[in-house]
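In the UniProt record's numbering, the protein residues as written are 1 to 155.
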Amino acid sequence: MLRNRIFAWHLELQNVHHRLEKALEEARKALREGNRAAVLKPELRQFCYTFCSALGSHHRSEDAAFFPALLKQMPELEPVITQLTREHEVLSQLLTDFERALDSSGSSPQELFQKMNEIKGVMKAHFGFEEGALKRALRALDAPESDKQRMFGDV
């Protein structure tokens, strides 16, 4: 029974990542199907504020609660956690750049799509590395399931 509860941490992380990837893909699809940036910008602004907020919340929660919990139980993960934290900073900057492009009157749909592709590439690599590097640690993590929102954010 305990094994199933612990393994659920890995599945929860995968589920959070999947929801974030799906949200990004829906926005990319809307941009691909649109004709003009001016028409799409209100929709993309809404996406950006929602998506950027969700991804930011997820990473802030990991940085503030999840990673410290892992390090407390498994200090040998420090190099992995350091890399993941750096990747969070890179993604945060990409999201800021995307928001700026979205708010710029001179941004074309192609520029916005390129920025979304950058986010997608970095996010996909980050999620893959995180899930792989932390899989064993998540199976061993001793934390109540009720901590998942605190550790993974409100996604």
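Glycine included, every Cβ here is placed at the ideal spot set by N, Cα and C.
Among 30, 118, 71, 111, nearest to residue 90 - alpha-carbon criterion: 118
Contact between the region 64 to 78 and the region 101 to 111 (3+ Cβ pairs under 8 angstroms): no
Distance cut-off 8 angstroms: residue 111 Cβ against heavy atoms of the ligand ZN: In the structure on display, the ligand ZN does not appear, and there are no ligands present to speak of.
Inter-residue spacing [alpha-carbon to alpha-carbon] between residue 62 and residue 130: 11 angstroms
Exposed unless 16 or more other CB atoms sit within 10 angstroms - verdict on residue 137: buried
Three-state secondary structure (DSSP) of residue 143: coil
Local conformation of residue 154 per DSSP, three classes: coil
Within 9 angstroms, strictly: CB atoms of residue 113 and residue 13: no
CB of residue 58 within 9 angstroms of CB of residue 16, strictly: yes
Contact belief for residue 67 with residue 96 at Cβ below 8 angstroms, rounded distance in angstroms: About 22 angstroms separates the two Cβ atoms, so there is no contact after all.
Proximal residues to residue 60 (C-beta, below 6 angstroms), its chain only, five neighbours per side dropped: none
Whole-angstrom distance between residue 24 and residue 51, CA atom to CA atom: 7 angstroms
Start and end residues, alpha helix (DSSP H) containing residue 92: 78 to 103
Assigned exposure category for residue 18 - 16 Cβ within 10 Å defines buried: exposed
C-alpha gap between residue 87 and residue 33, whole angstroms: 30 angstroms
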